[in-house]
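At position 133 of the sequence shown (counting the first as 1) the number is 133 in the UniProt record's numbering, and the numbers step up by one without a gap. Built from N, CA and C at the ideal position, the CB exists for glycine as well. Report on the following structure.
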Amino acid sequence: MDDLDRQILDILRRDSRTPYTEIADEVGTSEGTVRNRVERMMDDDVIERFTISTRTGNVQAMLEISVAVDVDTKGVSERMAEWDEVDFVWMVSGEQDIVLVVDAADTRGVNDLITKARDQEEVVSTKTRLILDEELG
């Protein structure tokens with residue numbers, strides 16, 4: 001991956017619907033070059049998916065989860081990723097092992113997810129942070 005790929009990714013991170021012609025103009029290359037590079041990055045799993053960011057009025061939070069040392073963190077993460085209100089699942093280093101980014105209708109929905117996480121036998125502890133605002137870079 002080179003500097004041009006990084007420039008294309010930066011634009012797509014801000015708005016994944018940006019037309020290739022507009023990206024090409026911004027980075028100083030042709031539309032075909034942008035299209036080919038995006039396709040290559042998709043084939044190479046650099047780009048995993050295109051997604052949207054919403055402002056639903058819901059309560060967004062990060063649930064930080066610690067699991068037991070002998071646990072398959074990837075398996076737990078994959079299972080939690082299937083939960084309806086979960087937008088993202090990150091396996092992280094530090095005190096916690098997994099971070100869920102959730103979008104629930106209200107605080108009761110967030111609390112239900114906390115309870116659901118704590119009910120998993122692999123989970124040792126949880127911490128929750130409400131997301132107050134989001135700025136896309």
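Report yes if the CB atom of residue i is closer than 8 Å to the CB atom of residue j, and no otherwise.
i, j, result
"V89", "Q60", "no"
"A68", "E122", "yes"
"S16", "S66", "no"
"V27", "L4", "yes"
"N58", "A104", "yes"
Rounded to the nearest angstrom, how far is the Cβ of residue i from that of residue j, given a contact under 8 Å?
i, j, result
"M80", "R129", "Not a contact, Cβ separation roughly 17 Å."
"M1", "V46", "6 Å"
"V99", "V92", "5 Å"
Return the bridge partner residues of residue i from the DSSP annotation.
i, result
"A117", "None, per the DSSP bridge assignment."
"R129", "M62"
"L100", "L63 and V89"
Drop a sphere of 10 angstroms on the beta-carbon of residue i, count the other beta-carbons inside from all chains shown, and report buried for 16 or more, exposed for fewer.
i, result
"D97", "buried"
"M23", "At residue 23 the sequence reads Ile, which differs from the Met that was named. That one is buried."
"L113", "buried"
"I8", "buried"
"E64", "buried"
Practice item. Mind the definition here: the stretch 37-53 touches the stretch 96-112 only if three or more C-beta pairs lie below 8 Å; say whether that holds. Key: no
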